[in-house]
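> Got a structure for you, questions after.
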Amino acid sequence: MIFNSEMETLSREQMGKLQLARLQETVKRVYEKVPFHKEAFDHAGIKPEDIQSLEDIEKLPFMKKTDLRENYPFGLFAATQHEIVRIHGSSGTKGKPTVVGYTKKDIENWSEIVARAICCAGGLPGDIFHNAYGYGLFTGGLGLHYGIEYLGAVAVPISGGNTPRQITLIEDFQPRGIAGTPSYILNISEEMERMGLDPRKTSLQYGIFGAEPWSEEMRVQLEESLNIKAVDIYGLSEVMGPGVSIECHEVQDGLHIAEDHFYPEIIDPKTGEVLPYGQEGELVFTSLTKEAFPVIRYRTGDIASLNPEKCKCGRTTMRMSRIKGRVDDMLIIRGVNVFPTEIESVLLGFKELAPHYQVVIERDGALDRFEVHCEVKQDFLAQVGELESSSEVAKLVKAISHEMKNALGVSVILRVGKPNMIGRSEGKAIRIVDKRNNVLI
Ligand code: DLL
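The sequence shown begins at 1024 in this note's numbering and counts up by one.
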């Protein structure tokens, strides 16, 4: 089912016309209402009237996360307090939280966008939908929630955490759909097994997973362990929240962007130059309909590429690739660039390992030491007895190290531990533990 067939099947030309009209309105709005934007435009020597084509967007200055922090909390809002009905934000683990606002119309649009996304993932009106994203300032819980209701499905607002209770409700309510971070949903699936239940035999048919980078191998793991179709949903609070893009369940090849609301670009993160379709770079979004918190060329810090070709599912909306990682999460190990998702891909190729891992960085004299911590599955441990003395384990470590070197082009120090050695998340997983400055990412 195509939820909004008109918007999801426009020709490129029709979409371009709609986007231009909406871009012109947005640019005018921010120029008139937000001193930050007026100053940035004036500094760049550009006026709203100069935007006469979509290509003209390249004349506009970029926005960055630091702009949100510097204008904390409400300095970038383009609506009055009387018009705003909701606030969301990031957790602020790395400083002050970033705060965003929504008008009633913004919430309506977002709800429709998420309803559309759920359909794209295979959801239908009438579905019971288990929403394990955290409710609160984080956009995951409430973002999905309003979309579920807008679609006419039944929202189970369980939020994250209390895993045994999640399992009871999945058993009792018989949901068709589930949403949560991929790492947490895997956690639920493992807990089911520990309780002697078969996660492949629940009522679940599809899962909507995102809010953190995850690999194709992780998809296979989720689909197999829960016997569902697992689709990737992307979004960020600065741009709106979940639903900026989502894979279709029919093809699962790239994430369809809600292009009537968000205009995407890919830039070279170093020079800011716009890159052609297909080329990987930093994803940049301009909001086209937002009232309270419009963003102009917002640099997401996420690495992806764009594909304008019509999808086999029939949708014509631009697709973005799965996110490879964040610009700031890229590890430079002895000069080689490595993303945690690439490490994940290698680890998940080993059936003996559980899909949980962390990269630990420590200062070792003048150098940085990178360790990959992972753990074996319970059944493998039962088979080999002790980890330390087992020749099977030594063989496994050697094989993983070899594969890491092959795939990443660099060797890493590997620590293979017992089940549950890696802390489990109930939301976004912590994949990088940077002990140099005690930062968790
Ligand atoms: O994570 C919004 C969201 C909620 C998306 C639920 C999907 C599902 P923030 O907390 O602002 O918003 O974090 C945004 O998370 O810039 C990416 O780095 C990362 N991210 C989000 N979705 C994906 C994904 C929500 N599907 C930041 N794949 C973004 C990889 C993702 N990374």
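Glycine included, each C-beta is placed from N, C-alpha and C at the ideal position.
If we count the other Cβ atoms within 10 Å of its Cβ and call it buried at 16 or more, is K1451 buried or exposed?
With 16 or more Cβ atoms within 10 Å of its Cβ, K1451 is classed as buried.
> Go through its chain and collect everything with a Cβ distance to K1428's Cβ below 7 Å, but skip five positions before and after it.
Excluding positions up to five away in sequence, the list reads S1434.
> Between which residues of its own chain and S1260 is the CB-CB distance below 8 Å, once the five residues before and five after are set aside?
So the qualifying residues of the chain are H1111, G1112, S1113, T1121, V1123, F1161, T1162.
> By the three-class DSSP mapping on this structure, what secondary structure does A1138 have?
Of the three classes helix, strand and coil, the one that applies to A1138 here is helix, per DSSP.
> Span of the alpha helix (DSSP H) holding Y1300?
Here Y1300 belongs to no alpha helix (DSSP H), and DSSP marks it neither H nor E.
> Give me the Cα-Cα distance between D1352 and P1292, rounded to the nearest whole angstrom.
When rounded, the distance between both Cα atoms is 13 Å.
> Determine the DSSP secondary structure at E1409, reduced to helix, strand or coil.
Looking at E1409 - three-state DSSP - the assignment turns out to be coil, as it is neither helix nor strand.
> Just to confirm, does S1134 get its C-beta within under 8 Å of one of the non-hydrogen atoms of ligand 1?
Because no heavy atom of ligand 1 lies under 8 Å away, the Cβ of S1134 does not count as near it: no.
> Roughly how many angstroms lie between the CA atoms of E1270 and K1252, to the nearest whole one?
Going by the C-alpha atoms only, they are around 11 Å apart.
> Let me make sure I understand the geometry here. Which of F1393, I1074, F1196 has the alpha-carbon closest to that of R1459?
Among F1393, I1074, F1196, the Cα nearest to that of R1459 belongs to F1393.
> Spatial neighbours of V1254 within its chain, please: C-beta separation below 8 Å, excluding the five flanking residues on both sides.
Closer than 8 Å at the Cβ level, and outside the excluded window around V1254, lie C1143, A1144, G1145, Y1229, G1230, I1231, F1232, I1269, E1270, C1271, H1272, Q1275.
> May I ask whether a heavy atom of ligand 1 can be found less than 8 Å away from the beta carbon of D1393?
Before going on, a small fix: residue 1393 reads as Phe here, not Asp. No, Cβ of F1393 sits at least 8 Å from all heavy atoms of ligand 1.
> On a CA-only basis, which of S1206, T1049, E1375 is nearest A1422? Give me that one, please.
For A1422, the nearest C-alpha among the options comes from E1375.
> Restricting to runs no shorter than 4 residues, where is the alpha helix (DSSP H) found entirely within the stretch 1191-1262?
For the stretch 1191-1262, whole alpha helix (DSSP H) runs of length 4 or above, ordered along the chain, are 1205-1217, 1239-1249.
> In angstroms with no decimal places, state the Cα-to-Cα distance between A1178 and E1172.
The straight-line gap from Cα to Cα measures roughly 6 Å.
> Mind the definition here: the stretch 1299-1308 touches the stretch 1316-1327 only if three or more C-beta pairs lie below 8 Å; say whether that holds.
With a cut-off of 8 Å, the stretch 1316-1327 and the stretch 1299-1308 count as touching, because enough Cβ pairs lie within range.
> By Cβ distance, which residues of its chain are closer than 7 Å to P1222, with the 5 residues on each side in sequence left out?
The answer, listed in chain order, is S1212, M1215, E1216, S1248, L1249.
> Buried or exposed for V1359, going by 16 or more other Cβ atoms inside 10 Å?
V1359 is exposed by the Cβ-count criterion.
> Can you look up T1309 in the DSSP assignment and give me helix, strand or coil?
Strand.
> With three or more beta-carbon pairs closer than 8 Å as the criterion, would you say the stretch 1095-1103 touches the stretch 1280-1291?
At 8 Å Cβ cutoff, the stretches do not touch.
> For the stretch 1352-1438, which segments carrying the beta strand (DSSP E) assignment without a break, of at least 3 residues, lie completely within its bounds, in sequence order?
Runs of the beta strand (DSSP E) inside the stretch 1352-1438: 1354-1356, 1359-1361, 1376-1387, 1390-1399.
> Identify the continuous alpha helix (DSSP H) that holds R1092 and give its terminal residues.
It spans 1088-1093 - the alpha helix (DSSP H) in which R1092 sits, taken as one unbroken run.
> Could you tell me the boundaries of the alpha helix (DSSP H) in which P1058 lies?
Counting along the chain, the alpha helix (DSSP H) containing P1058 begins and ends at 1058-1067.
> For I1290, which residues does DSSP report across the bridge?
Looking at the DSSP assignment, I1290 forms a beta bridge with V1297, E1305.
> Provide the residue(s) that pair with N1027 in DSSP beta bridges, ordered along the chain.
In DSSP, N1027 forms no bridge with anything.
> Confirm, please, whether the CB-CB distance from E1081 to G1297 is below 9 Å.
First, the amino acid is wrong: residue 1297 is Val here, not Gly. Yes, the pair counts as a contact, with Cβ atoms nearer than the cut-off.
> Examine chain B for any beta-carbon lying closer than 9 Å to the beta-carbon of L1311, and answer yes or no.
The structure shown has no chain B; it contains just one protein chain.
> Is F1026 near R1139, with beta carbons less than 9 Å apart?
A contact, by the Cβ cut-off of 9 Å.
> So for D1003, helix, strand or coil by DSSP?
The requested residue 1003 does not occur in the structure, where the chain is confined to residues 1024 to 1464.
> Would you call F1066 buried or exposed, if buried means 16 or more other Cβ atoms sit within 10 Å of its Cβ?
Reading the sequence as shown, one finds His at residue 1066 and not Phe. Result: exposed.
> What did DSSP end up calling Y1125 once you bin it into helix, strand or coil?
Correct three-state label for Y1125: strand.
> What's the C-alpha gap between V1057 and K1088?
When rounded, the distance between both Cα atoms is 16 Å.
> In its own chain, which residues sit with a C-beta less than 8 Å from the C-beta of K1441, not counting the 5 before and 5 after it?
Excluding residues within five positions, the ones whose Cβ falls inside 8 Å are E1398, V1399, L1404, L1410.
> Would you kindly check if the distance between the Cβ of G1157 and the Cβ of W1133 is under 9 Å?
Not closer than 9 Å, so no.
> Going by Cα to Cα distance, which pick from T1323, P1071, P1363, R1447 is closest to L1091?
Considering only alpha carbons, the answer is T1323.
> By DSSP, does D1079 sit in helix, in strand, or in coil?
In this structure, D1079 counts as helix in the three-state DSSP scheme.
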